[in-house]
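Enquirer: Residue numbers (my numbering): 68 to 528.
Just passing along the structure, written as structure tokens.
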């Protein structure tokens, strides 16, 4: 123990005798005659309280509060034996009652035993709490939805390790984003090429926020992530932690990276000991979710375009609906149709038409975020689900898709083909409250715009 004890006394003869004897044995005592001083001494490292009063009831109120707020703080009461009789003393396994005739050796032995017992109980309690938190973490992330695994993990990490924010990047994408940031430094903001969102975050986070994080790094940070086996300190305030795939013989390549932005207790992140159980569980669940995602992709992928097929659409819509209801956020659906596609098939042939659909699918897939979903609904119809997007954001995405399709010229076996698309937009909960309804509203919005003109986007009303 630290050999520091607090004397809660009123100057009794017994207290003076014990103080002299404890000092002779190498102990340091700190006097307290009120609650505020007692708390200050305990905060400064004293491990036990010696209650040695002339009038035993003088400090009962103080000790009652101490016992409730700090139930494992050892207290040794040294009072006359007569005062034990019929008194309502504090009941606690961390309290001992000794007569004023007790020897110093006996007092020291009791104090040391209580302090040791208190430390063991504290460690056991912390271990149990830790085990409970880890069990809750495992249950929370127990899903095969990769994005949901990451979101729930970030929510728990932000509570367990308070930071300004916590970011998640898939492997390779953090370097891509940071290198792009440094490459764009001398380019005006309005002329920078738009970037897909490759990150998730515990709190709302924009590209401007991301650039503020990158601005405190150096270019070398974006090129060295795979070499970081343990928490790596980016600078004086941020940490990057690789989440590595688990293998029989140890750890494999990173699945992705967590960035703790300005943690309130950087030493906790730096040590990494408290993080390790969470990271192992996160890696295991992500590997299972990614394997499931791969199997799903084989079942739910369109053979021609490699987009998701119509069979997978109800599952995604139900998933987005549940997520939006849980988070009180929005999501949007785009229903896309190629204008006059029958003419392409009739004049250029079905093989050319199929290649056009493949190239258009690539445009769609490269123009949305990794958290969004693109489907070939059937024939020349496509559906795109924009996770977390309101109607305003969905209209911007739809316009980008429409413009890129209109600007493209497909050169297929010497046949130069140009097409346009018409797109309908519906948003939950602004336009629809169910999965079937939002798809129907987007479909109707597309046909309404298509009947008025072609090469157009239209928002449901």
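A virtual CB, placed ideally from N, CA and C, is assigned to each residue, including glycine.
Note that the coordinates shown come from a computational prediction; the quantities given were computed from them, not determined experimentally.
What does DSSP give as the partner residues of residue 399 in its beta bridges?
Expert: BP columns for residue 399 point to 453 and 494.
Enquirer: Determine the contact status of residue 357 and residue 310, defining contact as a CB-CB distance below 8 Å.
Expert: No, these two residues do not count as a Cβ contact at 8 Å.
Enquirer: If we call anything under 8 Å between Cβ atoms a contact, is residue 81 one with residue 129?
Expert: Going by C-beta atoms, residue 81 is not nearer than 8 Å to residue 129.
Enquirer: How far does the beta strand (DSSP E) with residue 306 in it extend, from its first residue to its last?
Expert: 305 to 314 is the span of the beta strand (DSSP E), which, as asked, contains residue 306.
Enquirer: Name the one or two DSSP bridge partners that residue 323 has.
Expert: Paired residue(s): 237 and 310.
Enquirer: Three Cβ pairs or more, each shorter than 8 Å: is that satisfied between the region 362 to 371 and the region 463 to 477?
Expert: No: the two stretches stay apart, fewer than three of their Cβ pairs being nearer than 8 Å.
Enquirer: Please report the Cβ distance between residue 115 and residue 178, rounded to the nearest whole angstrom; I am assuming they are in contact, meaning their Cβ atoms lie under 8 Å.
Expert: Confirmed, Cβ separation roughly 5 Å.
Enquirer: Do residue 443 and residue 596 come within 8 Å of each other at the CB atom, strictly closer than that value?
Expert: Since the first residue shown for the chain is 68 and the last is 528, residue 596 is missing from the structure and cannot be characterised.
Enquirer: Which residue comes first and which comes last in the beta strand (DSSP E) that contains residue 445?
Expert: First-last of the beta strand (DSSP E) with residue 445: 440 to 445.
Enquirer: Check whether the region 379 to 399 and the region 447 to 460 are in contact - that is, three or more C-beta pairs closer than 8 Å.
Expert: Result yes; three or more Cβ-Cβ pairs closer than 8 Å.
Enquirer: Using DSSP's beta-bridge definition, name the partner residues of residue 96.
Expert: Per DSSP, 72.
Enquirer: Report the residue from 440, 169, 432 and 137 whose alpha carbon sits nearest the alpha carbon of residue 400.
Expert: Here the closest residue by C-alpha is 440.
Enquirer: Taking DSSP's pairing of strands, which residues face residue 477 in a bridge?
Expert: Beta-bridge pairing links residue 477 to 484.
Enquirer: Report the residue ranges of all alpha helix (DSSP H) runs contained in full by the region 76 to 134; include only those spanning at least 4 residues, in chain order.
Expert: The region 76 to 134 contains these whole alpha helix (DSSP H) runs: 80 to 91 and 102 to 110.
Enquirer: Could you tell me which of 213, 201 and 209 sits nearest to residue 226, measuring between CA atoms?
Expert: When each option's Cα is compared against that of residue 226, the closest is 201.
Enquirer: State yes or no: is the C-beta of residue 97 within less than 8 Å of the C-beta of residue 74?
Expert: Cβ atoms of residue 97 and residue 74: closer than 8 Å.
Enquirer: Keeping to the same chain, check which residues put their C-beta closer than 6 Å to that of residue 525; ignore five residues upstream and five downstream.
Expert: Cβ neighbours of residue 525 beyond the five flanking positions: 491, 512, 515 and 516.
Enquirer: Closest by CA to residue 379, which one among 445, 339 and 435?
Expert: Considering only alpha carbons, the answer is 445.
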